[in-house]
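Going by UniProt numbering, the sequence shown opens with residue 1, and the numbers climb by one from there.
Note that beta-carbon positions come from the ideal geometry of N, C-alpha and C, so glycine has one too.
Some notes on the structure that comes next.
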Amino acid sequence: VYIRKHPLEIPPPSEKDWLKDDEEDFSLQDPDRKRDALPQPFRMINKLVMTVFENAMEIIERREMLREVQKLKVQPTKFFPTAEFQVTGRANCLAVSGKYIFVGLSVGLAAFKVSDCTEVCAWDAVKTEICAIHASDLGNECHVLLAVDEMGLVWLFCFHKENFLLIKILNEMEDISKRSTSVEVVLSPGGDYAGVLLQGKYRNMAYNTKAWLEIYQLPKDSWLKEMEKNPGAAEVCRERRSSWTSAADIFLLQESPVSANKADGKLSLPVLLLHVKPPKPITGSSFKSPLDALKKVDDGSMLGLGYNHLIKDSQWEQQEAVFRSTYREYLEAEGERESKEEIPRHATFNFLLPSWILQVGPEMKVQPDVPAGISVHWDGSHNLCFYLLNRPLKEKVDSDPKPDVVWPCAAPIACSAVSSCSRYLALACEDGTITVWDKHLGYPLCVTAILEERFIRSIHFL
1 VYIRKHPLEI
11 PPPSEKDWLK
21 DDEEDFSLQD
31 PDRKRDALPQ
41 PFRMINKLVM
51 TVFENAMEII
61 ERREMLREVQ
71 KLKVQPTKFF
81 PTAEFQVTGR
91 ANCLAVSGKY
101 IFVGLSVGLA
111 AFKVSDCTEV
121 CAWDAVKTEI
131 CAIHASDLGN
141 ECHVLLAVDE
151 MGLVWLFCFH
161 KENFLLIKIL
171 NEMEDISKRS
181 TSVEVVLSPG
191 GDYAGVLLQG
201 KYRNMAYNTK
211 AWLEIYQLPK
221 DSWLKEMEKN
231 PGAAEVCRER
241 RSSWTSAADI
251 FLLQESPVSA
261 NKADGKLSLP
271 VLLLHVKPPK
281 PITGSSFKSP
291 LDALKKVDDG
301 SMLGLGYNHL
311 IKDSQWEQQE
321 AVFRSTYREY
331 LEAEGERESK
341 EEIPRHATFN
351 FLLPSWILQV
361 GPEMKVQPDV
371 PAGISVHWDG
381 SHNLCFYLLN
391 RPLKEKVDSD
401 PKPDVVWPCA
411 APIACSAVSS
421 CSRYLALACE
431 DGTITVWDKH
441 LGYPLCVTAI
451 LEERFIRSIH
461 FL
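Right under this line is the structure:
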């Protein structure tokens, strides 16, 4: 047996024994050291390319994550038109009432069926452009329509048995210089009342009232009875419309082309219930003592309007002088923006169903689905005024009615809204606070403050 005297040993490697050709293929070489071996500017180019590649990979990963998040979200359902219909001229507005779609055109009105979108009737006697339209279903195939044309005239129609019947132009005046234009039109749910906000010169008034609100009661029950007694009114309407010619376009610039006496059907005219003017500016008091102010309240003045106070004109002037002296530099920078010309004011009004805040006398009959009053607030005013619609007939319409209820607010009211059930009333003030009231119970449900330097322009219930 051969026995080795010394153990078998592996000699340590040395660089001088390596082959030059195998040095490039050595797997244990540091890759960073390998890039460092590159000469300039190749090392800088390699670094820039790798940076761009890493940034691109980060962007791709971020987009992939966003794409996955979008897939997990509930996608909204896309709806496509199921039918279309052709109109004469240009369509400006539309309203849906019952089974009909009423479209305001550049040459009049048109009615279409909802089921098959076929045209059933058109009104183009005056060739006037309709800019806004409101409609309500009265039942028994009868609908009431309020249309506003390009001249600001408010046309009251009754749509019965697929025919338009012109009842009256609400703001018609023989003298064009005294004509008023409509700013806003609101039709109450059910078609019992109509409100029109007008600007211009009020009839039978010596001075110029820039804006006012008119509330009309629509005799829909009388219309239904008159339609049943006179079923041939629709045929008379067709004959009159065919006799009018296009010369009415030139006549429109001078006076109303169709007067109230030349209406299509002999239906009952609407009744003017309220004429509400903007609140008068608060001036200095002439009262000498608080007792005089309390006596004025006993005479029938409404609490909350701010007229019965004890502030003198001299106190207002002193306050104005102190304010101008304190903020003189800011006032000079802004410049004088005061104008002596009165700016037309805008009002927001809503029809309200019976509730605790609208207390009606026992002699007045109130229906739960018929509006019992309106809420009105003017731009720049702190007060929300409520007016009852069930007023005695002895009261004159032209007189300035006093509000039945006044809600003073801490800041001017910017906008308001009433829920579809007419129970909740939301008020948004210029200081960014929103208050939701329960009209049935008569107290606020919540008060929310919006962030500073935010002005609320509109508010809606969903």
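Could you give the DSSP three-state label for residue i: helix, strand or coil?
i           : result
S416        : strand
K439        : coil
E64         : helix
residue 471 : The shown model of the chain, from 1 to 462, leaves out residue 471, and the question about it has no answer.
residue 502 : Residue 502 cannot be examined here, being either before or after the span of the chain that is shown, 1 to 462.
S375        : strand
L310        : coil
F461        : coil
Q86         : coil
Q217        : strand
residue 486 : For residue 486 there is no data in the structure shown, the boundaries of the chain being 1 and 462.
P290        : helix
L170        : coil
T51         : helix
F42         : helix
F112        : strand
F349        : strand
I59         : helix
I176        : helix
V322        : helix
E184        : strand
V69         : helix
Y327        : coil
S222        : helix
E430        : coil
Q367        : coil
Let's test the definition: count the other Cβ atoms within 10 Å of the Cβ of residue i and tell me whether it reaches 16, buried, or not, exposed.
i    : result
I45  : exposed
I357 : buried
L291 : exposed
A111 : buried
N140 : exposed
A194 : buried
G104 : buried
E9   : exposed
D192 : buried
A449 : exposed
K220 : buried
C158 : buried
S325 : exposed
E442 : The amino acid occupying residue 442 in the given sequence is Gly; Glu does not appear at that position. Flag for G442 reads exposed.
T77  : exposed
T128 : buried
I176 : exposed
N163 : buried
Assuming the contact rule is C-beta atoms closer than 8 Å, residue i and residue j should be a hit. Round their C-beta distance to whole Å, please.
i    : j    : result
C385 : P403 : 4 Å
L305 : P279 : 7 Å
L146 : V185 : 5 Å
N390 : V406 : N390 to V406, Cβ: 19 Å. No contact.
F102 : A95  : 5 Å
V107 : D124 : 5 Å
L167 : L267 : In the sequence as displayed, the identity of residue 167 is Ile instead of Leu. At roughly 5 Å, the Cβ-Cβ gap stays under 8 Å, so I167 and L267 are in contact.
D379 : H346 : 5 Å
E211 : L224 : Per the sequence shown, residue 211 should be read as Ala rather than Glu. Going by Cβ atoms, the distance from A211 to L224 rounds to 34 Å, so no, they are not a contact pair.
I130 : C93  : 7 Å
Excluding five sequence neighbours on each side, which residues of the same chain lie with their C-beta closer than 7 Å to the C-beta of residue i?
i    : result
C415 : T348, A428, I456, R457, S458 and I459
D137 : S97, G98 and H143
A83  : C117
L388 : L358, V360, A372, G373 and D404
V370 : G190 and D192
L156 : L146, I167, K168, L170 and P270
Let me check understanding here. Comparing Cα to Cα, which of the options lies closest to residue i?
i    : options                   : result
E172 : L445, D192, K99 and V196  : V196
F310 : I282, E332, I215 and V370 : Rather than Phe, the amino acid found at residue 310 in this sequence is Leu. Cα-wise, what sits closest to L310 is I282.
H275 : E329, P354, H160 and E214 : E214
F461 : T435, H346 and K365       : T435
C409 : R423, S420 and S381       : S381
H160 : V126, G152, M151 and E228 : E228
L153 : H134, V183, C446 and N163 : V183
V120 : V126, V447, L445 and F85  : F85
Within the same chain, show all residues whose beta-carbon is closer than 8 Å to that of residue i, passing over the 5 residues directly before and after it, in chain order.
i    : result
Q315 : G284
V271 : Y216, Q217 and P219
Which same chain residues end up closer than 6 Å to residue i when comparing Cβ atoms and leaving out the 5 residues on each side of it in sequence?
i    : result
E58  : none
L425 : V418, W437 and K439
R179 : M173
E430 : A411, P412 and A414
A122 : A110
R454 : G432
Looking at chain B, is there any beta carbon in it that lies within less than 8 Å of the beta carbon of residue i?
i    : result
S381 : This model lacks chain B altogether, as it is built from one protein chain only.
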